[in-house]
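My numbering numbers the first residue of the sequence shown as 639 and each following residue consecutively. C-beta: ideal position from N, C-alpha, C; glycine also. The structure presented is a predicted model; accordingly, all values stated were derived computationally and were not measured. See structure below.
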Amino acid sequence: MDSVFKALADPTRRRMLDRLREQDGQTLRELCERLDMARQSATQHLDVLGRAGLVTVVRRGRERLHYLNPVPIQQIEERWISEFDRPRLQALSAIRNQAEEYAMTDTTTTVPSYVYVTYIRANAEQVWKALTDADLTARYWGHANVSDWQPGSRWEHRRVDGSGAVDVVGTVVEAEQPTRLVITFEDSPDAEPAREPSVVTFLVEPHEDIVRLTVTHEKLPNLEMFGGISQGWPAVLANLKSLLETGDVLPQSPWDMRPAHT
């Protein structure tokens with residue numbers, strides 16, 4: 639946590655995080671424009687934020703997109719805010735957010751993209767198989783992800799409770815085994831009016847005996863879905879990591895934990 643506190647101690651770096659919170663996924667040029675800062679200075683500050691884990695960089699072609707990673711700040715919150723304080727603080731936060739919502743009823747809300755990074759002791763092929771094998775996804779996700787995983791093919795997120803029900807559908811946009819998988823993600827395909835599907839990108843980056851897995855979820859339709867996946871993706875990926883590193887999933891399903899414990 640020393641590196642996190644060091645990074646947060648500088649007001650310029652805090653402003654950078656504020657700008658990313660307002661609009662995630664910015665290039666260096668966009669950040670410099672919004673902060674009126676030279677590229678060299680911005681790069682130095684971003685390096686500090688990156689080493690602290692507060693900013694994650696995702697390559698998109700020739701561009702490097704910078705995303706806010708709230709996990710280190712969440713860990714600080716978990717360490718110093720007890721379960722007894724959390725409900726009271728959440729109530730106060732809800733009151734504040736409601737007041738701000740009423741004050742900004744004429745302002746369009748922008749839903750940010752969601753980015754999550756985890757490191758797994760495995761190779762790229764093992765991670766790819768865990769993402770695309772129906773039997774493995776059934777073990778750590780509670781749903782079987784079924785497809786031939788060819789670009790343009792349909793994929794389905796099927797329940798494994800015997801009902802065969804499909805909760806999410808989508809299309810495979812890109813499949814570059816074993817490093818990159820892009821899919822559309824429709825959790826309400828019959829919604830009226832019809833809406834554009836969100837997009838999930840799995841980026842698998844091997845390094846010696848480990849892999850960095852970055853999950854980016856973009857084009858989210860509303861803040862409700864953003865809140866849902868913010869709880870869901872960490873739970874699913876923690877189960878995946880446990881399966882690959884130990885041979886078994888976590889002893890309890892992480893998404894079944896009560897809100898007070900998450």
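> Can you tell me whether Thr745 is buried or exposed, with buried defined as 16 or more other CB within 10 angstroms of its CB?
Replying inline: For Thr745, the predicted structure reports a pLDDT of 49, less than 50, and the residue's modelled location is therefore unreliable. A value from the coordinates is still provided. Label assigned to Thr745: exposed.
>> For the pair the stretch 694-714 and the stretch 752-766, tell me if three or more CB-CB distances fall below 8 Å.
In response: yes
> Given Leu658, which residues of its chain have a CB within under 6 Å of its CB, disregarding the five upstream and five downstream residues?
Replying inline: Leu706
> What separation, rounded to the nearest whole angstrom, lies between the Cα atoms of Glu763 and Trp787?
Replying inline: 14 Å
> Taking the continuous alpha helix (DSSP H) assigned at Ser836, which residues delimit it?
Replying inline: That residue, Ser836, is in no alpha helix (DSSP H); its beta strand (DSSP E) goes Ser836 to His845.
>> If contacts are defined as beta-carbon pairs under 8 Å, then Val837 and Thr822 qualify, I think. What distance do you get, rounded to the angstrom?
In response: 6 Å
> For the 8 Å Cβ check, are there 3 or more pairs between the stretch 675-692 and the stretch 645-654?
Replying inline: yes
> Taking all protein chains shown into account, do 16 or more other C-beta atoms lie within 10 angstroms of the C-beta of Ile867, making it buried, or fewer, making it exposed?
Replying inline: buried
> Can you tell which of Arg792, Val749, Pro789 and Asp886 has its C-alpha closest to the C-alpha of Phe864?
Replying inline: Val749
> Are the stretch 846-863 and the stretch 794-802 touching, with three or more C-beta to C-beta distances below 8 Å?
Replying inline: no
> Quick one: what does DSSP say Trp793 is sitting in, helix, strand or coil?
Replying inline: strand
> What whole-angstrom Cβ distance do Val696 and Leu687 have, given they're in contact under 8 Å?
Replying inline: Not confirmed; about 14 Å, so no contact.
> In this structure, does DSSP put Arg833 in helix, strand or coil?
Replying inline: coil
>> Can you find the residues in the same chain that come closer than 7 Å, C-beta to C-beta, to Gln815, ignoring five residues on each side of it along the sequence?
In response: Trp766
> Under the three-state reduction of DSSP, which class applies to Arg777: helix, strand or coil?
Replying inline: helix
> Cα-Cα, which of Glu862, Gly663 and Gly808 is closest to Glu701?
Replying inline: Gly663
> Under 8 Å between the Cβ atoms of Ser751 and Glu856?
Replying inline: yes
> Which one of Asp656, Leu878 and Glu660 has the shortest CA to CA distance from Thr775?
Replying inline: Leu878
>> Need the endpoints of the beta strand (DSSP E) that Thr756 sits in, please.
In response: Tyr752 to Ile758
> When the Cα of Gln712 is compared with those of Met675, Gly691 and Met895, which residue comes out closest?
Replying inline: Gly691
>> Taking 6 Å as the limit between beta carbons, can you name the residues of its chain near Ala782, skipping five residues before and five after?
In response: Ala772, Thr775, Ala776, Arg796 and Val798
> Can you tell which of Val806, Asp656, Val887 and Arg792 has its C-alpha closest to the C-alpha of Glu812?
Replying inline: Arg792
> So, is Ala803 buried or exposed, given that buried needs 16 or more other C-beta atoms within 10 angstroms?
Replying inline: exposed
> Count the other CB atoms within 10 Å of the CB of Leu858; is the residue buried (16 or more) or exposed (fewer)?
Replying inline: buried
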